[in-house]
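J.: Count the sequence shown with full-length UniProt numbering and you get residues 1 to 118, in order.
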Amino acid sequence: MKVSVIASLAVVAILLSSAGAQKTVTGKHGSTATGSATQKGATVSGSGTATGARGNTASGSGSVAKTKTGTSESGVVTGPKGGTTTVSGTTTNNGGNTTASGTATGPRGKTKSGTATR
1 MKVSVIASLA VVAILLSSAG AQKTVTGKHG STATGSATQK GATVSGSGTA
51 TGARGNTASG SGSVAKTKTG TSESGVVTGP KGGTTTVSGT TTNNGGNTTA
101 SGTATGPRGK TKSGTATR
């Protein structure tokens, strides 16, 4: 689970790294995804919604803030059945070593945490 928590945080960071206007993408079979990101100072926030061809909808939002020693990330995703998953974490750069840690809480309240140093 360590890898998936850190990977989730990385995805949030990558998706939010380029703040810009709202974007909409339409899939081959009628699915759509809409998202937007904004930047205010050292914080980038974004949100999006995806609707499948059969009408199932999932939505999510997240933010990444630059700190003095790294970044702080958080995000929340609501699935098509209403279940919510939240992720939060930090990355810290200490003189050449980067440490990433994060926590994910699933829709049933189960929490997993992980830490990695490189």
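For each residue, glycine too, the CB sits at the ideal point set by N, CA and C.
Does the separation of the CB atoms of Ser47 and Gly55 fall below 8 Å?
T.: No. Outside cutoff.
J.: Using C-beta distances below 8 Å, list every residue in its chain close to Gly30, excluding the 5 sequence neighbours before and after it, in chain order.
T.: Ala53
J.: Going by the CB atoms, is the gap between Thr91 and Ala99 shorter than 8 Å?
T.: Looking at the sequence shown, residue 99 is not Ala but Thr. Yes, these two residues count as a Cβ contact at 8 Å.
J.: Take the Cβ of Ala42 as the centre, count every other Cβ of all protein chains shown within 10 Å, and call the residue buried at 16 or more, exposed below.
T.: exposed
J.: Please report the Cβ distance between Gly62 and Ser74, rounded to the nearest whole angstrom; I am assuming they are in contact, meaning their Cβ atoms lie under 8 Å.
T.: Contact between Gly62 and Ser74 holds: their C-beta atoms lie close to 6 Å from each other, under 8 Å.
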